[in-house]
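A.B. asks: Numbering (the numbering used here), first residue to last: 6 to 401.
Where a beta carbon is used, it is the ideal one built from N, C-alpha and C, also for glycine.
I'd like to ask you about the structure that follows.
The following block contains the structure:
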């Protein structure tokens with residue numbers, strides 16, 4: 006897609022202004038980086054050791070600009086395109102959070118009911134753990150640690166739920182179990198039916214599909230391709246599902262545990278290694294993720310909109326991190342130079358991503374990279390697109 010200069014883009018916006026969430030016309034705070042920055046981008050990629058990236062700017066309910074650069078597979082000299090799948094890593098979480106909040110609107114999920122009441126078998130009895138709720142999980146105040154590496158590590162909070170911030174993928178997976186129970190279907194099928202397909206995110210999946218192997222970018226650390234062990238396991242899991250006659254999308258947590266116990270070799274049957282995984286396993290394109298951002302900012306698909314009170318709860322600070330940063334429900338919140346932003350980062354080792362949203366002007370930028378230093382490069386891109394520096398990068 007052709008790159009517009011800032012001057013050209015400003016002219017387009019002047020001809021077709023849009024309304025903010027408060028119905029007041031607001032110029033976008035986030036715009037495509039200028040021509041000079043784009044010209045320098047290949048050099049920045051070379052310096053940071055990031056072979057490939059895809060990025061987009063979203064204004065209102067539409068993608069305003071996309072850019073693809075570099076290689077998804079260095080050895081085979083395959084370039085990044087609009088079809089290239091990137092591991093979203095923790096950018097999986099805001100998408101899942103939106104789907105979970107829609108269950109709140111439907112009266113199926115109570116943000117303040119202990120998760121133990123929905124899935125008694127997921128965590129051991131514990132004075133603190135029995136109090137963990139969806140609100141705690143989505144605001145990262147459950148007290149649960151990020152991930153367990155061994156089965157003998159108990160899934161119990163380190164402090165009273167709600168007391169303070171502690172990032173936890175385990176908490177997100179706990180809520181995944183709840184959502185799966187409420188939906189009465191496998192998690193991937195739930196996400197496809199309730200969000201991904203209605204928003205036209207047809208390339209996106211939390212599981213593994215036949216088309217993934219050819220489209221998924223490799224990851225790199227200082228020029229070296231990352232281990233393919235998780236990818237090999239995912240392919241074997243898909244084959245196992247195919248041979249069983251039940252699509253992987255329909256598998257529930259207990260079925261995944263059983264399969265992982267039977268496959269050899271296989272990682273431990275713990276949430277950190279589960280596929281699908283609400284916290285980290287989304288595979289997506291920049292176009293698909295932009296469709297989600299458009300829905301988030303404008304309710305372009307009215308049938309998929311959150312109720313005003315639920316949206317307000319999502320954007321409200323629930324857990325304070327420092328003077329500039331807090332966490333809402335599924336999103337990081339940042340107050341920078343009297344501007345309020347939503348943000349999230351993704352880190353799956355050799356894949357690093359970042360998204361920044363300016364709700365008032367309904368503008369956003371998302372960056373996917375396939376390099377271990379991708380967050381350093383993303384910071385340059387995000388700063389260029391927003392015209393500002395961001396405290397979130399100092400914290401992560």
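(1) Can you tell me the Cα-Cα spacing of residue 394 and residue 388, whole angstroms?
(2) State yes or no: is the C-beta of residue 352 within less than 9 Å of the C-beta of residue 94?
(3) Count Cβ pairs between the stretch 70 to 89 and the stretch 263 to 274 that sit closer than 8 Å; are there 3 or more?
(4) Between the alpha carbons of residue 10 and residue 40, how many angstroms are there, rounded?
(5) What residues match up with residue 337 in a beta bridge as DSSP calls it?
(6) So residue 170 packs on residue 332, CB below 8 Å; how close in whole Å?
(7) Tell me whether the stretch 192 to 209 and the stretch 281 to 295 touch, counting them as touching only if at least three CB pairs, one residue from each stretch, are closer than 8 Å.
(8) Answer with buried or exposed for residue 259, where buried requires no fewer than 16 other C-beta atoms within 10 angstroms of its C-beta.
(9) Does the distance from the CB of residue 188 to the CB of residue 199 come in under 9 Å?
(10) Reducing DSSP to helix, strand and coil, say where residue 229 ends up.
(11) Would you tell me roughly how many angstroms separate the C-alpha atoms of residue 361 and residue 339, rounded to the nearest one?
(12) Restricting to Cα atoms, I'd like to know which of 220, 346 and 286 is closest to residue 181.
(13) Using a Cβ-Cβ cutoff of less than 7 Å, which residues in the same chain neighbour residue 295 once the five nearest sequence positions on both sides are dropped?
(14) For residue 349, I'd like the list of residues in its chain whose CB is within less than 7 Å of its CB, leaving aside the five on either flank, ordered along the chain.
(15) Going residue by residue through the stretch 262 to 333, where are the continuous alpha helix (DSSP H) segments of at least 4 residues, counting only ones entirely within it?
(16) Near residue 292, which residues of its chain fall below 8 Å by C-beta distance, leaving aside the five closest residues on each side in sequence?
(17) Relative to the C-alpha of residue 269, which candidate in 239, 289 and 251 has its C-alpha closest?
(18) Can you list, in chain order, the residues of its chain with a C-beta nearer than 8 Å to that of residue 390? Leave out the 5 residues immediately preceding and following it.
(19) Can residue 243 and residue 89 be called in contact, C-beta distance under 9 Å?
(20) For residue 214, which three-state DSSP category applies?
(21) Using 10 angstroms around the beta-carbon of residue 121, count the other beta-carbons present and answer buried if the total reaches 16, otherwise exposed.
(22) Using a Cβ-Cβ cutoff of less than 6 Å, which residues in the same chain neighbour residue 347 once the five nearest sequence positions on both sides are dropped?
(23) Put residue 133 into one of helix, strand or coil per three-state DSSP.
(24) What's the C-alpha gap between residue 135 and residue 150?
(25) Report buried or exposed for residue 357, applying the criterion of at least 16 other Cβ atoms within 10 angstroms of its Cβ.
(26) Kindly identify the DSSP beta-bridge partner or partners of residue 78.
(27) State the Cα-Cα distance for the pair residue 163 and residue 309, rounded to the nearest angstrom.
(28) Using three-state DSSP, classify residue 358 as helix, strand or coil.
(29) With respect to the alpha helix (DSSP H) encompassing residue 96, which residues constitute its N-terminal and C-terminal limits?
(30) Is residue 323 closer than 9 Å to residue 107 when the C-beta atoms are compared?
(31) Is the CB-CB distance between residue 224 and residue 378 below 9 Å?
(32) Taking 8 Å as the cut-off, is the beta-carbon of residue 390 closer than that to any non-hydrogen atom of the ligand GDP?
(33) Rounded to whole angstroms, what is the Cα-Cα separation between residue 368 and residue 300?
(34) Secondary structure at residue 101, three-state DSSP: helix, strand or coil?
(35) Is it true that the CB of residue 137 sits closer than 9 Å to the CB of residue 176?
C.D. replies: In short, the structure shows the following:
(1) C-alpha separation (whole angstroms): 5 Å.
(2) yes
(3) Judged by Cβ distances under 8 Å, the stretch 70 to 89 makes no contact with the stretch 263 to 274, as fewer than three pairs qualify.
(4) Its pLDDT being 43, under 50, residue 10 is placed unreliably in this model, and the value from its coordinates should be taken loosely. Each residue's CA atom was taken as its position, placing residue 10 and residue 40 some 6 Å apart.
(5) The bridge partners DSSP lists for residue 337 are 332 and 348.
(6) 6 Å
(7) yes
(8) exposed
(9) The answer is yes: Cβ separation under 9 Å.
(10) strand
(11) 10 Å
(12) 286
(13) 61, 63, 68 and 371
(14) Excluding residues within five positions, the ones whose Cβ falls inside 7 Å are 95, 96, 98, 99, 336, 337 and 360.
(15) If we require 4 residues or more, the alpha helix (DSSP H) runs fully inside the stretch 262 to 333 come out as 291 to 303 and 313 to 320.
(16) 61, 68, 71, 87 and 208
(17) 239
(18) 35, 36, 37, 38, 62, 361 and 370
(19) No. Outside cutoff.
(20) coil
(21) buried
(22) 336 and 362
(23) coil
(24) 15 Å
(25) buried
(26) DSSP output for residue 78 lists 83 as bridge partner(s).
(27) Between the alpha carbons of residue 163 and residue 309 lies a gap of roughly 36 Å.
(28) strand
(29) Careful: residue 96 lies outside any alpha helix (DSSP H) and carries neither H nor E.
(30) no
(31) no
(32) As for the ligand GDP, it is missing from this structure, which has no ligand bound.
(33) 12 Å
(34) helix
(35) yes
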